[in-house]
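Data first, discussion second: the structure below is written as structure tokens.
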Amino acid sequence: MSKNAKPPKGQPKLHVEDDEDAGRKLFGWLERPGAVFYVIVALGAVAIISLAIDAMRSPTPGGIDSLWGFYALAGAFGLTAFVLLARLLEFLLARAPDYYEADDDRP
Amino acid sequence: MIGLEDLNPGFVLILGGLICALSPWILLRQLVLVAAPAAAAVLIVGASYGEHGMTEALRFNLILFRLDELSYLFGLAFALAALLGGVYSLHKADRLESASALIHAGGAMAAVFAGDLVSFFLGVEVMALSGAGIVLGPRTKDSARAAGRYLTVQLLAGGLLAAGVALTAGAERSLDFNTLRWDSWGGGVILLALGIKCAFPGVHFWVKDAYPRASAVGAVFLAPFTTKLAIYGLVRAYAGADILIPIGAAMVIFPILYASIENDLRRTLSYSLVNQLGFMVIGIGIGGPAGVGGAVALAFCHVFYKGLLFMGVGAVLERTGTAKSSELGGLWRTMPATAIFTMIGAAAISAVPLFSGFIAKSLLLDAATGQALWWVWIVMVIGAAGVLEHAGVKIPFLTFFGKDSGKRPKEAPLNMLLAMAASAAICIFIGLNPQWLYSLLPAPVQHEPYTTSHVLAQLQMLSFAALAFVALRRSGLHPTPRDVILLDVDWFARSRPAKMAGAWAVRALSAFEAALGSVGRSLSSFVGAEGPIARSRVWRGAAGNSSAGWIAAILAAAVLVGLSTFH
């Protein structure tokens, strides 16, 4: 029986909301063409604005954290380095999901 | 006469757990799951600072309930975590899980409020046994084996803790935490025990082994307690110990590599948990009000945002039957509320400004720069980018967005949503009110996280890291989720050659055990191969009875050393 089908006789009529309706109200815009592109543009805008403000601020004496764009470099380089190293690790350490089970089941 | 003010709040939870164990009525268990943590929280908030519940045993004065700034903050976090976990589990209220979960939380709380090392040890042991009950929750062959391995590791740590306590008591004639030094025999052994509980590099495997094998509810109860209790112990006894800084730095970095390629999202969260513990361990090693304050603040925040992430992934597991990212995607359509709460948890762990993680990590970074520990500071900044990759973006993206898996599960049950909403509210509340948390820290700190430089630096780092993630996804360099497991240090215990070596070790140990004397034999009769623990289902699921031999030997050795030093 479908969710919005008529209830049996004698029972109160209930409005059964389509499960996907709630999700569409909040995230339906994701299905519009170009939505992901706009998300990336927004992210890029935050990145560029943060760099611009960083450039306009008067430099403060201190450690490497006061260098212009240091955090941009740390974020982009750090994440990329982790992902690439992780791929190498995957090549070395990945095994079939039942790798241990075969040994565990052996008497 | 012992009054209500002498009652360690952990005992309330343990009593609640025992009621759940005996109750055949689900309604009673549901009531206790919420009422017991709430009562414990009321007791904590209403108690006055000082030492209560003093008693004498083993010719030592035991302090069953000590309340100070440090124990208050950890105790409060544990009570709230137990309450949220209780609400999260209401739809199920499974007898074994409910009982184990409350006793586990109660043991953690009893240990946190313990005023001496013996009471602390007893709380830790209660946690070990009950934790195995939680892992056993799904009652599958896989969970039984994992419960056995979990118990083995926890009892090993407990045995070391007992040995350390005995050595310290013998050398210092005191059971006070303040007498511990990591470079003394007793202090070093206790540090090793806490290191196992805290998932130090090399002994971290039990976290990623046990937590993902518990049920959705069980993992929510496992995540906040054991490792955070270890952090509490490190803060209490080893604040400022330099040795902790490189250990913490390693803990920040290596789990990120595993978490990035791990397919099982709960295992990803387990590695992420180790990574977050690394930040705390660094803070403890740095010491001082800012370092310790940052570690404690992060531990407090972590209880809620990591709990929230485990809840979100647990809700997905509950509804879809899987937590593997290779089988998920596009769940925003039918689980939008769970998606939003998980994203709040992701924002908090990624230290996005206005969320709880930001105000704690900002304090830790300032602690490192304050002592000119630049390499530590760089590790934490780059580590934060890694956190964004696996916990901030990967988990919400692959679960709720990304490629549509075609799954259309129902939204999470109301009680789960309620627990997630409350956890999310706490993450936001702390993020918006940093001074509230700072005022509760053990030592006063003067820190303002919402300065232009702090916020700008964090936004710059996060936005560029997120852009790098997008670039890696689009170029195909980001790992595609695959249904594989990753070898970790537990390979040394679980592979076939290791098991054969273990069998030979057991034979050698059995001979050693037999020589330990009457104390060893009496302990062995309980813990050993023929004892009640070894005959239990959990123990039979362990890697083998070899573990029982190890534990019996260590416990027996601990007691013998203790007895010899007391006289």
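Those sequence lines, one after another, are chains A and B.
Position one of the first sequence corresponds to residue 103 (the working numbering), numbered consecutively onward.
Position one of the second sequence corresponds to residue 642 (the working numbering), numbered consecutively onward.
Ideal Cβ positions, reconstructed from N, Cα and C, are used throughout, including at glycine.
Inter-residue Cα distance where the pair is residue i and residue j
| i | j | result |
| --- | --- | --- |
| residue 1093 of chain B | residue 172 of chain A | 15 Å |
| residue 1289 of chain B | residue 937 of chain B | For chain B, the structure presents residues 642 to 1208; residue 1289 of chain B sits outside this window and is missing. |
| residue 693 of chain B | residue 875 of chain B | 23 Å |
| residue 1035 of chain B | residue 195 of chain A | 20 Å |
| residue 957 of chain B | residue 987 of chain B | 15 Å |
| residue 133 of chain A | residue 951 of chain B | 28 Å |
| residue 582 of chain B | residue 1062 of chain B | No statement about residue 582 of chain B is possible, as the shown extent of chain B runs from 642 to 1208 and does not include it. |
| residue 835 of chain B | residue 872 of chain B | 8 Å |
| residue 126 of chain A | residue 745 of chain B | 40 Å |
| residue 1141 of chain B | residue 1133 of chain B | 11 Å |
| residue 817 of chain B | residue 831 of chain B | 13 Å |
| residue 729 of chain B | residue 933 of chain B | 31 Å |
| residue 176 of chain A | residue 1006 of chain B | 14 Å |
| residue 656 of chain B | residue 918 of chain B | 30 Å |
| residue 964 of chain B | residue 953 of chain B | 10 Å |
| residue 1058 of chain B | residue 829 of chain B | 44 Å |
| residue 1001 of chain B | residue 1137 of chain B | 44 Å |
| residue 180 of chain A | residue 992 of chain B | 16 Å |
| residue 1107 of chain B | residue 889 of chain B | 25 Å |
| residue 725 of chain B | residue 995 of chain B | 22 Å |
| residue 778 of chain B | residue 959 of chain B | 14 Å |
| residue 199 of chain A | residue 853 of chain B | 14 Å |
Buried/exposed call for residue i, threshold 16 Cβ in 10 Å
| i | result |
| --- | --- |
| residue 668 of chain B | exposed |
| residue 1173 of chain B | Reliability of the predicted coordinates at residue 1173 of chain B is poor, the pLDDT of 48 falling under 50, and the value obtained from them is presented with this limitation in mind. By the 10 Å Cβ count, residue 1173 of chain B comes out exposed. |
| residue 697 of chain B | exposed |
| residue 738 of chain B | buried |
| residue 1079 of chain B | buried |
| residue 1017 of chain B | buried |
| residue 649 of chain B | buried |
| residue 135 of chain A | exposed |
Chain A residues whose Cβ lies nearer than 9 Å to that of residue i
| i | result |
| --- | --- |
| residue 1023 of chain B | 176, 177, 179, 180, 181, 183 and 184 |
| residue 1119 of chain B | 185 and 189 |
| residue 977 of chain B | 124, 125, 126, 127, 128 and 129 |
| residue 824 of chain B | None at all; the shortest Cβ gap to chain A is about 31 Å. |
Neighbouring residues, chain A, relative to residue i (Cβ below 8 Å)
| i | result |
| --- | --- |
| residue 1127 of chain B | 191, 192, 195, 196 and 197 |
| residue 1101 of chain B | 149, 152, 153, 156, 171, 173, 174 and 177 |
| residue 902 of chain B | 188, 189, 191, 192 and 196 |
| residue 897 of chain B | 184 and 188 |
| residue 641 of chain B | Chain B is shown only over 642 to 1208; residue 641 of chain B falls outside these bounds and no answer can be derived. |
| residue 1016 of chain B | Here the premise fails: no neighbours, minimum Cβ distance about 11 Å. |
Any C-beta of chain B under 7 Å from that of residue i
| i | result |
| --- | --- |
| residue 124 of chain A | yes |
| residue 144 of chain A | no |
| residue 140 of chain A | no |
Residue i: contacting residues in chain B (beta-carbon distance under 9 Å)
| i | result |
| --- | --- |
| residue 137 of chain A | What residue 137 of chain A touches in chain B: nothing, since even the nearest Cβ is about 11 Å away. |
Residue-chain proximity (residue i, chain A), Cβ-Cβ < 7 Å
| i | result |
| --- | --- |
| residue 1090 of chain B | no |
| residue 1030 of chain B | yes |
| residue 913 of chain B | no |
| residue 652 of chain B | no |
| residue 1104 of chain B | yes |
| residue 1097 of chain B | yes |
| residue 1108 of chain B | yes |
| residue 853 of chain B | no |
| residue 1135 of chain B | yes |
| residue 1037 of chain B | no |
| residue 779 of chain B | no |
| residue 709 of chain B | no |
| residue 1138 of chain B | no |
| residue 1111 of chain B | yes |
| residue 1007 of chain B | no |
| residue 1045 of chain B | no |
| residue 1124 of chain B | yes |
Beta-carbon neighbours of residue i, restricted to chain A and to distances below 7 Å
| i | result |
| --- | --- |
| residue 1027 of chain B | 180, 181 and 184 |
Would you list, in sequence order, the uninterrupted alpha helix (DSSP H) runs of no fewer than 4 residues that lie entirely inside the segment 642-692 of chain B?
-> 650-663 and 667-687
Which runs of the beta strand (DSSP E) fall wholly inside the segment 821-884 of chain B and span at least 3 residues, in chain order?
-> none
Could you tell me which uninterrupted beta strand (DSSP E) segments, each at least 3 residues in length, are contained entirely in the segment 1007-1053 of chain B, listed from first to last along the chain?
-> none
Those runs of the beta strand (DSSP E) which lie wholly inside the segment 705-780 of chain B and span at least 3 residues | none
Continuous beta strand (DSSP E) assignments of at least 3 residues falling wholly in the segment 909-978 of chain B | Whole beta strand (DSSP E) segments, 3+ residues: zero.
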